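These notes concern the structure reproduced below.
Residue numbers (my numbering): 6 to 229.
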């Protein structure tokens with residue numbers, strides 16, 4: 006098991022969007038658990054259900070939210086404190102540098118696009134599923150893909166533990182994120198309530214979007 010603790014990659018600007026996204030996710034989760042209807046009801050209402058998207062209709066007629074809206078709302082809904090904490094930890098460690106590269110507005114668009122691609126990746130591979138998909142992990146996977154391309158040499162302080170073996174070591178981000186991506190592929194088919202294809206789709210989207218940004222900047226500097 007490996008858990009990232011922090012990266013050794015300073016930013017030039019205050020990561021306002023990253024912090025606001027984290028705050029929004031925490032606020033929505035608190036609303037979920039404190040609401041009279043309970044956590045599960047919000048997951049069913051706001052989560053993305055592939056069957057509803059592929060069949061253009063809601064499974065529950067009482068739910069007034071159109072299914073396609075859940076492609077957005079599901080990114081900000083979580084199933085547990087652990088689910089929320091894990092996603093926000095990764096977003097905090099890797100999101101600030103990607104925001105620093107893109108700037109606040111483009112980072113918001115990048116985050117949402119990666120989240121949408123991640124959800125569609127899960128829907129395409131599970132078109133008949135009636136299980137709601139929630140969480141920011143697909144969008145954050147896009148952030149990881151961007152970081153992988155931008156800062157492969159940055160060191161990530163990582164907590165490693167295997168039974169009684171516990172150690173904190175610095176791992177190059179390129180290696181850390183390659184291993185993370187490999188684990189998503191190896192876990193395909195295991196289920197366990199995790200949308201592995203969403204993680205893969207989000208990561209690939211992040212790599213491709215940032216690659217496009219890098220090419221655009223290179224053309225601009227050559228022209229200048």
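Even glycine gets a Cβ: it sits at the ideal position worked out from N, Cα and C. Source: prediction; values computed, not measured.
C-alpha distance - residue i paired with residue j, whole-angstrom precision
i           : j           : result
residue 225 : residue 106 : Confidence in residue 225 is poor, its pLDDT being 49 and thus under 50, which makes the residue's placement too unreliable to answer from.
residue 20  : residue 33  : 20 Å
residue 132 : residue 60  : 9 Å
residue 199 : residue 120 : 15 Å
residue 162 : residue 11  : 5 Å
residue 18  : residue 67  : 45 Å
residue 188 : residue 51  : 28 Å
residue 228 : residue 190 : Interpretation of residue 228 is limited by its pLDDT of 49, a score under 50 that renders its predicted location unreliable; the figure taken from the coordinates is listed afterwards. Near 40 Å, if we compare the C-alpha coordinates of residue 190 and residue 228.
residue 144 : residue 87  : 17 Å
residue 108 : residue 43  : 37 Å
residue 15  : residue 63  : 45 Å
residue 29  : residue 111 : 18 Å
residue 242 : residue 83  : Within the shown structure, residues of the chain are numbered from 6 to 229, placing residue 242 beyond reach of any answer.
residue 220 : residue 114 : 18 Å
residue 65  : residue 41  : 19 Å
residue 49  : residue 71  : 13 Å
residue 37  : residue 79  : 12 Å
residue 98  : residue 217 : 23 Å
residue 45  : residue 22  : 28 Å
residue 35  : residue 85  : 10 Å
residue 246 : residue 91  : No answer is possible for residue 246: the residues shown for the chain start at 6 and end at 229.
Unbroken alpha helix (DSSP H) run spanning residue i, endpoints
i           : result
residue 105 : 86-107
residue 2   : As shown, the chain starts at 6 and ends at 229. That puts residue 2 outside it, with no answer to give.
residue 19  : Looking at the DSSP string, residue 19 is not in any alpha helix (DSSP H), and its letter there is neither H nor E.
residue 186 : 178-191
residue 10  : Counting along the chain, residue 10 falls outside any alpha helix (DSSP H), though it belongs to the beta strand (DSSP E) covering 7-12.
residue 156 : From DSSP, residue 156 is part of no alpha helix (DSSP H); its letter is neither H nor E.
residue 74  : Neither: residue 74 is in no alpha helix (DSSP H) and is coded neither H nor E.
residue 46  : 44-51
Residue j beta carbon less than 8 Å from that of residue i
i           : j           : result
residue 47  : residue 142 : no
residue 9   : residue 94  : yes
residue 160 : residue 13  : yes
residue 210 : residue 103 : no
residue 124 : residue 76  : yes
residue 206 : residue 148 : no
residue 146 : residue 208 : yes
residue 215 : residue 151 : yes
residue 185 : residue 193 : no
residue 212 : residue 153 : yes
residue 164 : residue 7   : yes
Extent of the continuous beta strand (DSSP E) run through residue i
i           : result
residue 163 : 160-167
Expected contact under 8 Å - CB spacing of residue i and residue j to nearest Å
i          : j          : result
residue 96 : residue 26 : 7 Å
residue 31 : residue 89 : 7 Å
Any non-hydrogen atom of the ligand NAP closer than 7 Å to residue i Cβ
i           : result
residue 184 : Summarising the ligand content, the structure contains no ligands, and the ligand NAP is consequently not present.
Within-8 Å CB hit, residue i to chain D
i          : result
residue 88 : Considering every chain present, this structure includes no chain D. It has just one protein chain.
Are the region 133-150 and the region 38-55 touching by the rule of at least three beta carbon pairs closer than 8 Å?
These segments touch.
Quick test of the definition: if touching needs 3 or more C-beta pairs under 8 Å, does the region 121-134 touch the region 176-187?
Contact between the region 121-134 and the region 176-187 is absent, with fewer than three C-beta pairs closer than 8 Å.
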